[in-house]
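Data first, discussion second: the structure below is written as structure tokens.
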Amino acid sequence: MFKKKVTLKILLMLILSDILETAVHFFFKKSALAQAEFSLGDLPGLVVFFKTIFFSPFLWAGLLTVVAVFIVWSTILSKIDLSVAVPIASFSYILVPVSSAIFLHEQIPALRWAGTLFIIVGVILVSLSSKERIARE
Amino acid sequence: MREGLLIILFMIALTSLCDTVNQLFLKSAVDSLNFTPEFNFRKIFRFIFQLLIKPRLWLSFVFSLISLCIWLLVLSKADLNFAFSADSMHYVFIALASRFILKEKFGHLRWLGTGLIVAGIVFVSLS
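Chains as they are written, first to last, in the working numbering: chain H, 46 to 182; chain S, 4 to 130.
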């Protein structure tokens, strides 16, 4: 029972889930940016770190967006196969670096883009292989 | 951040591992209910209720909470685009766990894909 046909509505939902997914990581990064001062062995420092983060609106924005992603993604998966949805959704591997370059002014070396490309191809192959398995059974 | 790189990678591996444990608990909780997906709100609610009383589900929540905490620590130290790409190592951990703990069978395509992800993570880490 394969559901492969990507209608315009599903494509729009996939794009929405990509954008929301990117927003989740952007919000989490924003919440963590506010406090960079801690070292791993420093327990009181860690407590302060999590206390400030707990009260950061960005953290809660991120968590709410996680819920939104979950709802959109479950709706997508009820309409289309995972092996079709994941390759389109792996677009967020491009969206995250692009938005971190634009909004967070991060530097992205060429080697990192090359690595990202490998990861995207890998994710696509892994998700396509779910079809391979079902076909063999 | 050279010397910090190893510790960051280690922490990203730790979040990915927590994520993997989280997925294993979720999978085993869901599998134990024998649910066939269908659009019947009564059945879906009963399914969610039965899930909520599984201790395994709560264990999985605990692990995702730990994973989130470590992730926030990582993000306070590392660039988002680096951390996000490196976090895809959870694909590898989940593949290994599915293969060796859940005894799922994989084809060549999945090993190839997983290998490419590993190569990608190595490039991203070297950059």
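From the three backbone atoms N, C-alpha and C, an ideal C-beta is built for every residue, glycine too.
Are the C-beta of Asp82(S) and some C-beta of chain H separated by less than 8 Å? For the purposes of this step, residue 82(S) is identified with residue 79 of the second sequence, where counting begins at 1. Closer than 8 Å to some Cβ of chain H, the Cβ of Asp82(S) qualifies, so yes.
Cβ contact check for the stretch 10-26 of chain S and the stretch 82-100 of chain S: 3 or more pairs under 8 Å: yes
Restricting to Cα atoms, I'd like to know which of Asp82(S), Leu36(S) and His111(S) is closest to Ile51(S). Residue 51(S) sits at position 48 when you count from the first residue of the second sequence. With distances taken between Cα atoms, Ile51(S) lies closest to Leu36(S).
Tell me the DSSP secondary structure of Glu182(H) in three-state form. To locate residue 182(H), count along the first sequence from 1; it is residue 137. With a pLDDT of only 47 at Glu182(H), under 50, the local geometry of the prediction cannot be trusted, and the value read off the model is given with reservation. It is coil, neither helix nor strand.
Need the endpoints of the alpha helix (DSSP H) that Ser120(H) sits in, please. Within the first sequence, the letter at position 75 stands for residue 120(H). With the sequence shown as reference, residue 120(H) is identified as Thr, and Ser is not the correct amino acid for it. It spans Pro102 to Lys124 - the alpha helix (DSSP H) in which Thr120(H) sits, taken as one unbroken run.
Tell me the rounded alpha-carbon separation between Ile104(S) and Val24(S). Here the question's residue 104(S) lines up with position 101 in the second sequence. Here the question's residue 24(S) lines up with position 21 in the second sequence. Roughly 11 Å separates the two Cα atoms.
Neighbouring residues, chain H, relative to Phe48(S) (Cβ below 8 Å): One-based indexing of the second sequence puts residue 48(S) at position 45. By Cβ distance, chain H contributes nothing, its closest Cβ being about 15 Å from Phe48(S), past 8 Å.
What is the C-beta distance between Ala77(H) and Leu75(S), in whole angstroms, given that I count them as a contact (C-beta under 8 Å)? Position 32 of the first sequence, counted from the first residue, corresponds to residue 77(H). Position 72 of the second sequence, counted from the first residue, corresponds to residue 75(S). 5 Å between Cβ atoms; contact.
Can you check whether the C-beta of Ile104(S) is within less than 8 Å of a C-beta belonging to chain H? Position 101 of the second sequence, counted from the start, is the residue given in the question as residue 104(S). With 8 Å as the cut-off, Ile104(S) does not count as an interface residue toward chain H.
Alpha carbons only, please: which of Pro142(H), Val171(H) and Phe73(H) is nearest the one belonging to Pro132(H)? Numbered from its first residue, the first sequence carries residue 132(H) at position 87. Closest option to Pro132(H), Cα to Cα, is Val171(H).
Taking C-beta to C-beta, are Thr97(H) and Ala79(H) nearer than 8 Å? Here residue 97(H) refers to the residue found at position 52 of the first sequence. Here residue 79(H) refers to the residue found at position 34 of the first sequence. Yes; because the gap between Cβ atoms is below 8 Å, this pair is in contact.
Where does Leu88(H) sit, in a helix, a strand or coil, going by DSSP? Here residue 88(H) corresponds to residue number 43 of the first sequence, with the count starting at 1. Leu88(H) carries a helical assignment under DSSP once its states are collapsed to helix, strand and coil.
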